[in-house]
Structures are given as structure tokens and as C-alpha cells.
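FYI, in the UniProt record's numbering the residues of the sequence shown are 1 to 382. Step one of this worksheet: look at the structure below.
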Amino acid sequence: MTENLKKRRNRLPEEAVEELDSSLETKRSELKRELKEEYLDKISNIISEDREETDDFNVVISAFQDREDIDYSFIRTEPLFHQKENNLDILIASEDSEVLVFVECERRLTTHLEKKLKNYQEKKEVIEQNLPDDLDVASYLERMVGWEASEMDFVMSSRQLPEYKIQQKVEELGINLIGWSLATHGSDCMIYHQMFKHEKTAPFNGHSDDQLSRYISNTLQSGVEYQEYVDFTYSSSSILKIQDMILTLVNRHHRQGNDVFNYSDWKSLFKMELSNYLPEERKTLYLSFLDRAIDYNLISREENSGDRLSDGHRAIFKAHKNQKKLINEIREKMAETELQDDLQSRLEEYESQKLTQLEREYATGGTTLSDFVEEDSESDSS
């Protein structure tokens with residue numbers, strides 16, 4: 001409550017304060033119901049949008065994870081962890097060919113194409129030109145993969161790759177582009193590649209390694225088995241990350257007879273999501289998860305040794321068997337927390353309006369302008 005509302009409240013007679021409190025209690029319950037539905041819808045929409053992104057990530061990962069027919073393999077998601085806005089989505093690599101392939105995933109390129117291409121180009125330049133002030137990109141990448149790359153490819157991937165529009169835009173922007181078109185059919189996923197040159201004579205031939213081009217044409221265009229390797233990435237919303245982490249902790253840890261979990265348990269549960277993340281990056285993600293999940297009342301700290309990484313934590317849940325109820329329970333707790341600021345703001349707005357009404361009534365001894373109108377009407381009729 002603001003200081004102004006407190007002062008106005010204190011100036012009211014006792015019976016008016018009682019009326020105000022009763023009205024506020026009713027309004028709070030009404031607003032909370034409305035906001036809870038509103039925030040549950042928001043949470044559901046955020047998760048659905050994030051699921052589309054991780055679905056695309058899994059197409060790319062499925063194409064390169066544990067493949068015996070090519071020495072390219074999936075390295076990790078979010079290869080420039082600390083760059084946030086300038087981070088590309090996936091890193092694929094071949095040690096034998098000394099090639100790194102950075103992949104950006106855009107669900108649709110049919111809208112805002114120029115903006116997306118410019119954004120992609122900026123991310124690409126961060127790596128090519130070693131732009132970060134606090135990071136030597138080449139050293140960081142070498143530390144990550146364990147060897148020095150001699151070539152780097154950059155790819156824009158999408159479910160919708162409008163070739164004619166892209167060709168127009170690369171000519172306008174003066175850039176070259178490798179495009180991957182992603183698709184799923186049944187239990188398989190496919191990748192088709194396309195090269196876009198801003199000039200026909202531009203010295204650009206797409207992928208730097210012919211082996212990779214052949215693999216895409218001969219194998220990935222025909223399709224490989226699709227698997228859901230990752231549930232979330234570093235850039236996924238905290239809503240999705242927390243929901244899926246809690247679900248995994250409950251289903252694969254607590255329900256297996258484990259009362260608490262620590263950092264070591266968490267790492268083993270999310271091996272694919274954390275693949276090739278550096279130790280400090282994993283710790284950052286874990287501690288962020290603890291902070292947010294505790295705020296949502298989804299986990300509790302059961303041990304306190306002063307070391308949060310080794311301390312035991314426990315997921316708080318009531319739905320022990322029903323998965324749908326567990327998901328609803330998690331989302332409701334997140335909604336309850338997220339709506340609080342909005343609830344407080346709307347309540348204060350309502351309280352101010354109610355105070356104005358009560359101030360007018362009690363300033364006239366409980367008589368308002370409408371009362372005079374009613375009295376005049378009665379006099380006229382008599």
C-alpha cells in the first residue's frame with residue numbers, strides 16, 4: 001500500500017474502514033481468480049512457443065548425435081553462453097576436418113525476414129571478428145571442443161525457408177547464406193540445404209567440407225530418426241526450464257527413492273542439455289534454477305552447509321502419480337507468484353477508487369448527489 005493510500009485510509013471513520021476492508025477482501029478474491037487464469041494462459045503460451053524452438057533444436061541434434069556415417073557430431077546448444085543476445089543456437093563439429101558449424105534456428109522466415117537476417121549476421125560477426133570485450137572467442141571455442149578449428153560454417157535453419165524471398169534479401173544486404181530447411185514426418189526428421197549468394201560470381205560455395213554437403217544430400221534429405229534429446233536450452237524461458245527440471249527431478253530422482261538432490265544429481269539428469277557446457281556455466285544455470293524454483297515454492301533447501309552445490313534440496317509436490325496433475329501443480333505455483341505484482345497494482349487502483357467513493361459519502365454525512373436526485377424525484381411525484 002502506498003503512503004498516500006494509508007493517509008487517506010486513516011482519515012476515514014471506523015465504520016468506513018470496515019466497509020473498505022470488506023470490499024477489498026472480496027475484490028482480492030475476484031481479481032486473484034481472474035489473474036490466475038490469465039497467468040496460466042500466459043505460462044501455457046510461453047511453454048508452447050519454447051517447445052517449438054526445442055523441437056527444431058532436436059531435429060538438428062538428431063541429425064548429428066551418435067551418427068556412424070559421418071564424423072560430424074553435436075557439441076552443444078548455446079555455444080556462446082555468456083553473449084546472450086549474440087549467441088547462436090547450436091554447435092556441430094568435426095575434429096577430423098577441423099570444422100565448426102554454427103546453426104541459428106528460426107521457426108519461421110516468412111515474416112520479418114530482413115530483421116532476422118541482420119540479427120543473424122550480427123551474431124556471426126561476433127564470432128568471426130572476435131568482438132566480445134571480455135572473451136577471446138577462438139580460445140573459448142578451443143577450450144570447449146579440445147582442438148583448434150581451421151574452418152567455421154554458419155547456417156540459418158528454419159521450418160519455413162522461402163527461397164525466393166531469401167535470395168532477394170541476400171542480394172539487397174550483400175551477404176551469402178547457407179540455409180537448412182528442417183522437417184519432420186512421422187518418427188523421422190529431415191534437413192535440406194540451400195546456398196544463397198548475393199552475386200552469382202561471389203566466391204562462396206556453401207559448406208567448407210564436401211563431406212558434410214554429401215551427408216546432408218544423401219542421408220539427411222532422406223530422413224533419420226527423430227529423438228527428443230533436449231527439453232530446454234539456456235535461452236529457453238525460465239518458465240520452461242523450471243517446469244521441465246522439476247518434472248525430471250520428480251520422475252527420475254524423487255520417485256526412485258531419493259529424498260534430496262544436489263548439484264551432482266542435477267548434472268547427471270541433464271547430460272544432453274548441459275553437453276560440453278563449461279563447469280562455471282553449469283554452475284550458473286544450476287544456481288539460477290535454485291533461486292527461481294525456491295521463489296516459486298517448488299523446491300526447498302533441506303541441508304545448509306554453506307555450499308549450495310553440495311547442499312540437498314527437495315522438490316515440493318503433492319501429485320505423486322498423476323503426471324497431468326503434477327504439471328498443473330507446477331504451473332499454478334508459478335502463476336501464483338507471477339501474478340502478485342499485478343494483483344497488488346490492481347488492488348491499489350481499486351482501493352483508490354473505493355476511498356474516493358467513501359470520502360465523498362462520509363464528507364456529506366453519508367449522503368451523495370444521487371440521494372438528492374432521488375429525494376427531488378419523490379417530492380415531484382407527491
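Glycine is no exception: its CB is placed at the ideal position from the N, C-alpha and C atoms. Note that this is a predicted model, so its numbers are computed, not measured.
Ignore the nearest five residues each way along the sequence and tell me which others in residue i's own chain have a CB closer than 7 Å to its CB.
i           : result
E3          : none
residue 439 : The question about residue 439 has no answer, for the chain in this structure spans 1 to 382.
A16         : L358, Y362
I47         : I239, L240, Q243
H253        : F261, D265, L269
K165        : L113
K318        : E329
Q121        : I175
Looking only at DSSP bridge pairs, what is residue i linked to?
i    : result
G312 : Its beta-bridge partners do not exist; DSSP assigns none.
D188 : H185, E225
T77  : I90
E104 : M156
H82  : In the DSSP output, where bridge partners are listed per residue, H82 has none listed.
I178 : V155, M195
V250 : According to DSSP, which records beta bridges pairwise, V250 is partnered with nothing at all.
F261 : H313
V170 : In DSSP, V170 forms no bridge with anything.
V99  : S94, E151
Buried or exposed for residue i, please, with buried defined as at least 16 other CB atoms from any protein chain shown within 10 angstroms of its CB.
i           : result
H112        : exposed
P79         : buried
R76         : buried
K6          : exposed
Y39         : buried
N258        : exposed
K271        : exposed
W180        : buried
residue 407 : Outside the shown range of the chain (1 to 382) lies residue 407, about which nothing can therefore be said.
K321        : exposed
L100        : buried
G306        : exposed
L274        : buried
D56         : buried
E125        : exposed
residue 387 : Any property of residue 387 remains undetermined from this structure, which presents the chain solely from 1 to 382.
A315        : buried
L131        : exposed
Going by CA-CA distance only, name the one from the options that's closest to residue i.
i           : options                : result
E199        : S217, T184, I175, H193 : I175
K267        : Y296, P279, L161, R346 : P279
R51         : F102, Q129, S345, F232 : F232
K115        : N297, V230, K169       : K169
S236        : Q256, D89, F154        : D89
residue 383 : M190, E18, L173, E122  : Nothing about residue 383 can be reported from this structure: the residues present for the chain run from 1 to 382 only.
Q83         : R67, I70, I127         : I127
M144        : E281, Q129, L339       : E281
G146        : R301, Y277, H193       : Y277
residue 391 : M245, N87, A93         : Nothing about residue 391 can be read from this structure; the chain reaches only from 1 to 382.
E37         : H207, L309, N328       : N328
L118        : D134, L173, S73, E142  : Checking the displayed sequence, the identity of residue 118 turns out to be Lys instead of Leu. Ranking D134, L173, S73, E142 by Cα distance to K118 puts L173 first.
Y215        : E68, N58, D55, E18     : E68
K325        : S288, E302, R360, L247 : L247
G206        : I299, A93, M152        : M152
Q323        : R308, L309, P132, V250 : V250
Near residue i, what residues of its chain come up, given a Cβ to Cβ distance below 8 Å and the 5 sequence neighbours on each side ignored?
i    : result
L343 : R28, L31, K32, L35
L20  : R9, L12, E351, K354, L355, L358
S62  : C189, V224, E225, Y226, Q227, Y229
Q167 : F196
E25  : none
Considering residue i, what are the terminal residues of the alpha helix (DSSP H) in which it resides?
i    : result
M272 : Counting along the chain, M272 falls outside any alpha helix (DSSP H), and DSSP gives it neither H nor E.
Q323 : 323–338
V155 : First-last for V155: 151–160, but that is the beta strand (DSSP E), not the alpha helix (DSSP H).
I127 : 113–128
R8   : 3–10
L287 : 279–295
N58  : 14–64
L141 : 137–145
What residue does the beta strand (DSSP E) around residue i start on, and which one ends it?
i    : result
D210 : No beta strand (DSSP E) holds D210; the alpha helix (DSSP H) holding it covers 210–215.
R301 : 299–301
Tell me which same chain residues have a C-beta within less than 6 Å of the C-beta of residue i, skipping the five on either side of it?
i    : result
F204 : N176, K197
S150 : E98
S157 : V103, C105, W180, L182
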